[in-house]
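S.K.: Have a look at the structure that comes next, please.
Numbering (my numbering), first residue to last: 17 to 134.
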């Protein structure tokens, strides 16, 4: 496993959000884990009862791609929160996200019964 920043480090880079909507994933008791997305990417997932937040950083000098479905599941449509990305494919399992060198992105997935928008 590669050396990575502290698991809580990316929280300072989280954009201003509707705190109530993402409160369970931001709570101190939320599950936090490093996610393996390959291609030299560094990713952290924060999970609460109904929300997942995913921070991905590309520390390399080359563009890197990943599929959000690897974390959120094939049927999920991730919400873009912050960062600079390009996408290809279709929503769900077919969605591919590309990060520029040194780029990062915040994505979220919430309970599909939650009808709020970011």
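The beta carbon of each residue, even a glycine, is placed where N, CA and C say it ideally should be.
1. For the segment 47-61 against the segment 89-96, do three or more pairs of beta-carbon atoms, one drawn from each stretch, fall closer than 8 Å, so that the two count as touching?
2. Using 10 angstroms around the beta-carbon of residue 61, count the other beta-carbons present and answer buried if the total reaches 16, otherwise exposed.
3. Just checking my contact of residue 68 with residue 74 at CB under 8 Å: how many whole Å lie between their CB atoms?
4. Compare the C-alpha of residue 63 against each of 112, 122 and 43 and name the closest.
5. Taking the C-alpha atoms as reference points, what is the distance between residue 110 and residue 83?
M.R.: According to the data block:
1. no
2. buried
3. Incorrect: roughly 20 Å between the Cβ atoms, too far for contact.
4. 43
5. 8 Å
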